[in-house]
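What follows is a set of notes on a single structure, which appears directly below.
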Amino acid sequence: MDCIWNPRTPNLSGQTIGFWNFLDQSHAAKNFSQLDEIEIGSLYVDYHASGINTPVAAQDRYRSAIEEDGWIHPATARMVELWCRQLDTLGIKNPGLRWDQRHLSSVNEIVGILQSEKLCLDHRSIGGPVYLDGTRWGVPLRIVVGTDGHPNYVITALRDIIPIVRKYDHVVLVHDDEITPDFVLLQKVITHFGVTVSRLPLGRVPVGGQVQSSRRGGWTGSTLGELSAEVLGSVPLDEYRLGMRLYFTAVLGRGVGASLDRAVLYRTMSRARRLLRSSNADAIDAACYVAGHTSVYGWVDPYRLTSSLLGRNAPSTRLLDAVYL
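The opening residue of the sequence shown carries number 431 in our numbering; numbering runs sequentially from there.
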């Protein structure tokens, strides 16, 4: 099993490049290595509120630096540093946030492969865009390279998937529920290459009853950094790790549910404490137990598995240690 993650994919997006250009034009004197996630996040909100468009020439410069050297803006480097610390505190394996690798294929190579499979329409020769064509499955055309020649994240992701996809018998696409249409299209395209594909959409947690993009703001006081600092001030690390998993996976559940509620979060931490104290150091085969919560596609459903901890029976110490701590 392999986790395919390439930081260059989000870095090459127009949204990221636009933010970087905004920072370099408006906040070039800042020492981003000293800022926290709230300060950088606030700058991100300011960028979107400014309505500033990034000149094509500037986009080309940033994309060239990323493609040729794996360059990353100091603000993003700082955010990655903070995210890595947070994952380490949670005891979650880092998927490769700091890992840099050239994409396995160029945009033109992927467009060529898609054309040979009649999966795209390339109108660049007449000044138009490139469309990913899923109409055979009832999916609308999707622009993946704009009229300015710049690719979006959909085709950038395919640069790391299509060249190796036939090495695998199954692909799981984990994605933000807000961009499900794009991932339905990706699922169809990857399946076309002879691989079984399933999706695991992750819903956003409402804040104050609202679900909105981070670009809109309104998240101050609800970031992972703030929550972890607050909770770890009153509970030990093992309770924090288990409690966060119980709350965000088992309590809030799949999809968009209840808003972030600190009272419920702290009650879940208390539940985690009781589970840890009552866990049974028996000879249960953790692998067999986990396998009992697999989806129809063969991968373990994190929601079903974590919800099972809230049953009447005391959980296995081995299971908690192997999966949650």
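Ideal Cβ positions, reconstructed from N, Cα and C, are used throughout, including at glycine. Keep in mind that this is a model prediction, so the values were computed, not measured.
Residue i to residue j span [Cα, whole Å]
| i | j | result |
| --- | --- | --- |
| Gly624 | Leu739 | 37 Å |
| Leu403 | Ile591 | Not covered by the structure: residue 403. The range shown for the chain is 431 to 755. |
| Lys791 | Leu473 | With the chain running from 431 to 755 in the structure shown, residue 791 is simply not present. |
| Asn654 | Asp466 | Per the sequence presented here, residue 654 reads as Leu, with Asn not at that position. Approximately 12 Å, taken between the alpha carbons. |
| Tyr719 | Ile482 | 53 Å |
| Ser652 | Thr519 | 17 Å |
| Ser463 | Ser546 | 46 Å |
| Ser555 | Val753 | 52 Å |
| Gly564 | Ser443 | 22 Å |
| Lys597 | Gly728 | 17 Å |
| Thr586 | Arg634 | 24 Å |
| Ile491 | Met699 | According to the sequence provided, residue 491 is Arg. The question's Ile does not apply to it. In a straight line, the C-alpha of Arg491 is about 48 Å away from that of Met699. |
| Val569 | Arg629 | 16 Å |
| Pro559 | Val627 | 27 Å |
| Leu632 | Leu682 | 11 Å |
| Val510 | Gly741 | 36 Å |
| Ser494 | Arg438 | 12 Å |
| Asp715 | Leu517 | 27 Å |
| Gly579 | Ile543 | 18 Å |
| Ala487 | Trp513 | 31 Å |
| Asn524 | Pro485 | 34 Å |
| Ala717 | Ser456 | 53 Å |
| Asp599 | Val726 | 14 Å |
| Gly647 | Gly471 | 8 Å |
| Gly639 | Arg692 | 14 Å |
| Ser536 | Val665 | 48 Å |
| Arg515 | Leu749 | 24 Å |
| Asn441 | Phe452 | 14 Å |
| His605 | Arg684 | 12 Å |
| Val475 | Pro636 | 18 Å |
| Ala659 | Leu667 | 11 Å |
| Glu539 | Val601 | 22 Å |
| Leu676 | His553 | 49 Å |
| Arg645 | Thr506 | 15 Å |
| Arg508 | Asp454 | 15 Å |
Extent of the continuous alpha helix (DSSP H) to which residue i belongs
| i | result |
| --- | --- |
| His723 | Neither: His723 is in no alpha helix (DSSP H) and is coded neither H nor E. |
| Tyr696 | 692 to 708 |
| Met509 | 504 to 520 |
| Tyr492 | 486 to 499 |
| Phe452 | 444 to 456 |
| Phe613 | 610 to 622 |
| Ser480 | 467 to 480 |
| Thr439 | 438 to 441 |
| Ser546 | 537 to 546 |
Run of the beta strand (DSSP E) containing residue i, from where it starts to where it stops
| i | result |
| --- | --- |
| Val574 | 572 to 575 |
| Leu662 | Looking at the DSSP string, Leu662 is not in any beta strand (DSSP E), and its letter there is neither H nor E. |
Residue i - partner residues in DSSP beta bridges
| i | result |
| --- | --- |
| Leu603 | Arg629 |
| Val841 | Residue 841 is absent from the model: the chain starts at 431 and stops at 755. |
| Pro581 | Val575 |
| Val641 | Bridge partners of Val641: none, in fact. |
| Leu730 | In the sequence under discussion, the amino acid at residue 730 is Val, which differs from the Leu named in the question. Beta-bridge pairing links Val730 to Thr724. |
Selection from the options that minimises the alpha carbon distance to residue i
| i | options | result |
| --- | --- | --- |
| Gly576 | Ala587, Gly557, Gly648 | Gly557 |
| Arg707 | Pro745, Ile434, Gly471 | Pro745 |
| Ala458 | Ser628, Pro504, Val601, Pro581 | Pro504 |
| Gly448 | Phe462, His478, Trp513, Gln516 | His478 |
| Arg701 | Gln545, Arg645, Asp715, Thr736 | Thr736 |
| Val641 | Gly687, Pro631, Phe452, Asn582 | Gly687 |
| Ala680 | Leu695, Asn582, Thr621, Pro666 | Leu695 |
| Tyr733 | His723, Tyr727, Gly741 | His723 |
| Thr446 | Tyr583, Val665, Asn461, Ile522 | Tyr583 |
| Ser643 | Leu527, Leu562, Leu453, Ile609 | Ile609 |
| Leu657 | Ala716, Arg645, Phe678 | Phe678 |
| Leu549 | Pro525, Thr621, Ser480, Asp606 | Thr621 |
| Trp450 | Gln489, Leu750, Trp435, Ile573 | Gln489 |
| Gly526 | Val574, Asp432, His553 | Asp432 |
| Val574 | Asp607, Leu603, Leu616 | Leu616 |
| Asp530 | Trp435, Arg508, Val637 | Trp435 |
| Val541 | Pro581, Leu603, Arg508 | Pro581 |
| Arg532 | Val730, Asp612, Val602, Asp499 | Asp499 |
| Ser709 | Leu690, Asp731, Asp751 | Asp751 |
| Trp567 | Pro611, Arg528, Val730 | Pro611 |
Cut-off 7 Å between Cβ atoms - residues of its own chain near residue i, not counting five sequence neighbours on either side
| i | result |
| --- | --- |
| Leu534 | Arg589, Asp590, Pro593, Ile594 |
| Met674 | Leu520 |
| Thr650 | Ile468 |
Cβ-based neighbour list, residue i, same chain, cut-off 6 Å, excluding 5 preceding and 5 following
| i | result |
| --- | --- |
| Val661 | Tyr670 |
| Glu497 | none |
| Trp501 | Ala495 |
| Leu672 | Ala702, Tyr754 |
Minimum Cβ-Cβ distance from residue i to chain D less than 8 Å
| i | result |
| --- | --- |
| Leu657 | Here there is only one protein chain, and chain D is not present. |
Neighbourhood of residue i by C-beta, 8 Å cutoff - its chain only, sequence neighbours within 5 removed
| i | result |
| --- | --- |
| Leu571 | Leu551, Tyr561, Leu562, Asp563, Gly564, Thr565 |
| Phe613 | Leu603, His605, Arg629, Pro631 |
Residue i CB to nearest heavy atom of the ligand ATP below 7 Å
| i | result |
| --- | --- |
| Cys433 | Looking for the ligand ATP in the displayed structure turns up nothing, as the structure carries no ligands at all. |
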